[in-house]
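Protein chains in written order, with the numbering used here: chain A, 1 to 375; chain B, 376 to 771. Built from N, CA and C at the ideal position, the CB exists for glycine as well. Treat the numbers as computed from the prediction; the structure is a model and nothing was measured. What follows is one structure encoded as structure tokens, with my remarks underneath.
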Amino acid sequence: MGEMRNEKRGDETDGGPRLKTSLIRSALSLARRHLVFLSLMLFIIVMPFWAKPLSRPLGIPLVMVMRMVGIYTIVAVGLNMLMGYAGQVSLGHGAFFGIGAYTSAILTVKAHFPPWLGIVMAVLVTIVFGFLVAPVLRLKGHYLAMATLGVGIVAFVFMREMTWLTGGNDGIRNIPALSLPGIRIGEARDYLRAEYYFIWVIALLVLLLSSNLVRSRLGRAMRALHQSEVAAEVMGVDVSWEKIKVFVLSTALAGLAGGIFAHVQGYIDPNLFTIVLSIQLVTMVVVGGMESIWGAVAGAGVITFIPKIVEALPKWLGEVPRWVEKYSNYEGMVFGFILIVTMVFMPAGITRGLSDMVRYRRSPFVNPFRRKAMG
Amino acid sequence: MKKTSRLAILVVAAMLVVSLLSVTGCGAKEEAEKKPIKIGVVLSESGANEPLGKPERNAIELYVKRLNANGGINGHPVEVIIKDDQSDSNKAQQAAIELLEQEEVVALIGSSGTGPTLAMKQEATKRGVPLVCMAAGANIMEGDFTWVFRTPPTATEAGKKALAYIAEDLGVKKVGLLYDTNPFGTDGKAVVEAEAGRFGLEVVASEGYGTNDSEDTMDTHLTNIMTAKPEIILVWGTNPGPAIIAKRMKDKGIKVPYVGSHGIANQQFIQLAGEAANGVVFPAGKMLIYDKVLEPGSEEYEFIKDFDQAYQEEYGQPINTFAGHGWDAILIITEALKRAGADATPAELRDEIEKTQGLVGTAGIFNYSSKDHNGLSPDDLVMVEIIGSKWEPVKK
């Protein structure tokens, strides 16, 4: 479970004599309860100020990467609720992300919608598609995984072949930049930073709402049906309806992120939304930690940063050996290696592993060679 | 209370970081006089467009080296920051953002291919910084082109030149059009179909082929075209397609004249088509055969000769079209900078580039205006014929 839930609700039993102290007390206890959220928010606010001097020596454009982390966080949180809490695997979320991106791109480029309205429409359209696809949720386990994989492939083929609507392989160009009614987001040199803040305000809102949601009735129902659908049904949970609800919610978040992505990217083509993206999204959830909203953030961060770090490695180490360069896709190698290490040694994901380390002062690493180590 | 104190430490640390930064921010303002003028360049030095990106880089570096040796712009040296986009739109966009936001360049050059250029256009337009591009795709100038300028001739100029040749010099009426279905070929097809009527020509058959089509498939396309009995075949594509078509036409004994596009204006076509290349006519920049079409002593001749000699001296290779694009791109920006002043803002520089008139470059004479950001005209091209595996000007 997420580390926040185990905390006690402060000790406000004696109630201060004056209103002022009690206000401070309640504010403090609120802050304590949302420690993780607040520190993430602080980090997000402060990050761009020190990104500039750091980016060049590191060889990694920090704000640019963090902007993508924000976008992926929105998708990963939704997918985490679906996979981690409700136990339903989806290998088709890259497609919903793509549907969101195409919706907003087509509406803004061809029908001249303002970008914010395009993004709202992206959410609505992915909700519709979510409902259309929802019947596959009757399947379980790897059958469900296969079916959602199929959904992803079908969506990809449509994006590529419906040339009159999507531009086919050439995709859609000249997508307008983000804006709000009456306000242009960002000016001149600060465009990147403005987009970054815009994305993270939305991502933090999504995080806040989701962390409340998983503690609500729906959250409890989700966890119940993850354990045993039969038991959940007996307890009065409308299993199929709860599953559809969480699935549609997660597709809506994918659509939201996709819509924003289209305007940040400026151009889209089907190759941005292949099965590889879907797998990456699933990896974010798994590496970050299932059943942990914060894990989604960590997963999105790790998976987005790894390729950038690998790309920057030659800058840090000097030349890359010839034989490595020959395998031009050594990004993939490092990526796979980290995945294996995480899965073998920290099966509950990095957030859980590290938070256990802090809380119980024990190594987060599982010894895979010990019998029954994996419980 | 442990958690609260941890939070407090975090807050304090964050504040420290911010305050430290504002201090360094102030320090950075003290700068030397005659600071360098930064220009950002994004090229495809690897990936599919590598043969384009390498000569472009060579030309730009050489130009700047010579410019700085001669005192730069009003005493300010020019600094070019070159990044490789690996022929990938995403990387080009990332590079453009870094150049614009981190390096705060006053102008951008790039990229080699149309896809990466469109990605760069996006970022340059958002921030209002001029971009001089070296790609020829028609869609670059679609939509808002306020901030984009182009150096190479496009399908419009080349198409008009080729059609004028067919109508006036060959004096035929019926054109059979074979085009590559890639963006280069479809650009050409659109221009040819739109302009043919104005030259009194009729496109009697038009057939698209795939970039990777085999010889057998090409035969089918040729047969289809020939059933419409065209008096001339116009082929719009880049290698190897046009070379395969030339060979198949020779093998099948098709005697109709072959007119190509500016996409075959390189040695590769002659190598691939071999004997079949002889007699092929295509539009190309004058630079290709400048010593045969330009008057020695004229401004254009001397300009290209100077470029040719400097390039040969530095790199030991003959000049080519793409090196020419790089040379023109940096020339256009620095000439405008000389007029706008070394401390011109990107917006002032853009306005100055738009005022460029009669500027002699390697691709021709550039004339920009608020309506035309392509700069060249059909007169900047010449019709070239391949005779004995060599380029010769078409005799009138």
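Sequence-distant residues of the same chain with beta carbon closer than 7 Å to residue i, five excluded per side
i, result
"A/Gly301", "Val69"
"A/Tyr85", "Val214, Gly219, Met222, Arg223, His226, Glu291"
"B/Gly683", "Before going on, a small fix: residue 683 of chain B reads as Asp here, not Gly. Around B/Asp683: Ile694."
"A/Met66", "Met47, Tyr196"
"B/Pro768", "Ile664, Lys667, Val668, Val757, Val759"
"B/Leu442", "Val453, Thr709"
"A/Ala134", "Ile244, Phe247, Val248"
Residue from the options with nearest C-alpha to residue i
i, options, result
"A/Gly92", "A/Glu233, A/Val157, A/Val341", "A/Val157"
"B/Val634", "B/Val417, B/Ile608, B/Leu756", "B/Ile608"
"B/Pro411", "B/Leu427, B/Gly446, B/Ala711, B/Ala621", "B/Gly446"
"B/Trp522", "B/Ala722, B/Val735, B/Leu751", "B/Ala722"
"A/Asp170", "B/Val769, B/Pro491, B/Val547", "B/Pro491"
"B/Thr735", "B/Asp718, B/Leu669, B/Ala717", "The sequence given here has Val at residue 735 of chain B, not Thr. When each option's Cα is compared against that of B/Val735, the closest is B/Leu669."
"A/Val376", "A/Leu281, A/Val341, A/Gly349, A/Gly255", "What is shown of chain A runs 1 to 375, which leaves residue 376 of chain A out entirely."
"A/Pro115", "A/Val297, A/Ser210, A/Ser179", "A/Ser179"
"B/Thr731", "B/Ala719, B/Ser744, B/Ala738", "B/Ser744"
"A/Arg56", "B/Asn465, B/Val453, B/Ala717, B/Leu474", "B/Leu474"
"A/Glu242", "A/Gln88, A/Tyr72, A/Ile24", "A/Gln88"
"A/Trp164", "A/Lys110, A/Gly288, A/Phe273, A/Thr73", "A/Lys110"
"B/Ala711", "B/Lys501, B/Asp519, B/Asp755, B/Phe524", "B/Phe524"
"A/Val264", "A/Ser26, A/Ala105, A/Ser22, A/Val287", "A/Ala105"
"A/Leu139", "A/Gly353, A/Ala27, A/Val239, A/Pro307", "A/Val239"
"B/Asn465", "B/Met601, B/Asp747, B/Glu498, B/Ile435", "B/Glu498"
"B/His637", "B/Met662, B/Ile679, B/Ile620, B/Trp611", "B/Trp611"
Listed by chain order, chain B residues near residue i by CB distance under 9 Å
i, result
"A/Tyr191", "Ile472, Leu475, Glu476, Glu498, Lys501, Arg502"
"A/Ser55", "Glu473, Gln477"
Contacts that residue i makes with chain A (C-beta to C-beta distance below 8 Å)
i, result
"B/Ser464", "Tyr267"
"B/Ala482", "In chain order: nothing, as chain A lies at least about 14 Å away."
Within chain B, the residues that residue i reaches when beta carbons sit closer than 8 Å
i, result
"A/Lys52", "Gln477"
"A/Met64", "Gln469, Ile472, Glu473"
"A/Pro61", "Gln469, Ile472, Glu473, Gln477"
Buried or exposed (CB count within 10 angstroms, at least 16 for buried), residue i
i, result
"B/Ser486", "buried"
"B/Gly560", "buried"
"B/Asn587", "exposed"
"B/Gln692", "exposed"
"B/Gly699", "buried"
"B/Ser764", "exposed"
"A/Ser355", "buried"
"B/Gln642", "exposed"
"B/Val480", "buried"
"B/Asn424", "buried"
Residues near residue i in its chain [Cβ-Cβ closer than 8 Å; skip 5 each side]
i, result
"B/Arg432", "Val416, Leu418, Glu420, Ile457, Gly701"
"A/Gly59", "Glu311, Ala312, Lys315, Trp316"
"B/Ile708", "Ile414, Ala482, Ile484, Pro505, Val507, Leu724, Ile728"
"A/Met41", "Leu204"
"A/Val125", "Ile99, Gly100, Thr103, Gly255"
"A/Tyr267", "Gly171, Ile172, Arg173, Asn174, Ile175"
"B/Asp519", "Thr500"
"A/Val246", "Met81, Leu82, Tyr85, Ala86, Gln88, Leu218, Met222"
"B/Glu478", "Lys413, Gly415, Ile456"
"B/Lys713", "Ile448, Asn449"
C-beta atoms of residue i and residue j nearer than 8 Å
i, j, result
"B/Tyr742", "B/Met516", "Reading the sequence as shown, one finds Asn at residue 742 of chain B and not Tyr. No. Outside cutoff."
"A/Gly152", "A/Ile275", "yes"
"A/Leu249", "A/Met121", "no"
"B/Gly583", "B/Tyr554", "yes"
"B/Gly733", "B/Pro528", "no"
"B/Leu493", "B/Phe697", "no"
"A/Thr351", "A/Gly259", "no"
"B/Leu538", "B/Ala571", "yes"
"A/Leu207", "A/Ile293", "yes"
"B/Gly534", "B/Gly512", "no"
"B/Thr526", "B/Ala738", "yes"
6 Å Cβ shell around residue i - same chain, five flanking residues per side excluded
i, result
"B/Gly422", "Gln461, Ser462"
"B/Lys625", "Ala651"
"A/Leu79", "His93, Ser250, Leu281, Val285"
Chain B residues whose Cβ lies nearer than 7 Å to that of residue i
i, result
"A/Ala177", "Lys501"
Neighbour list for residue i in chain A, Cβ cutoff strictly below 7 Å
i, result
"B/Leu493", "Arg173, Tyr267"
Please list, in chain order, the residues of the segment 501 to 528 of chain B that have any C-beta partner in chain C closer than 9 Å.
Among the chains of the structure shown, chain C does not appear; the protein chains present are A and B.
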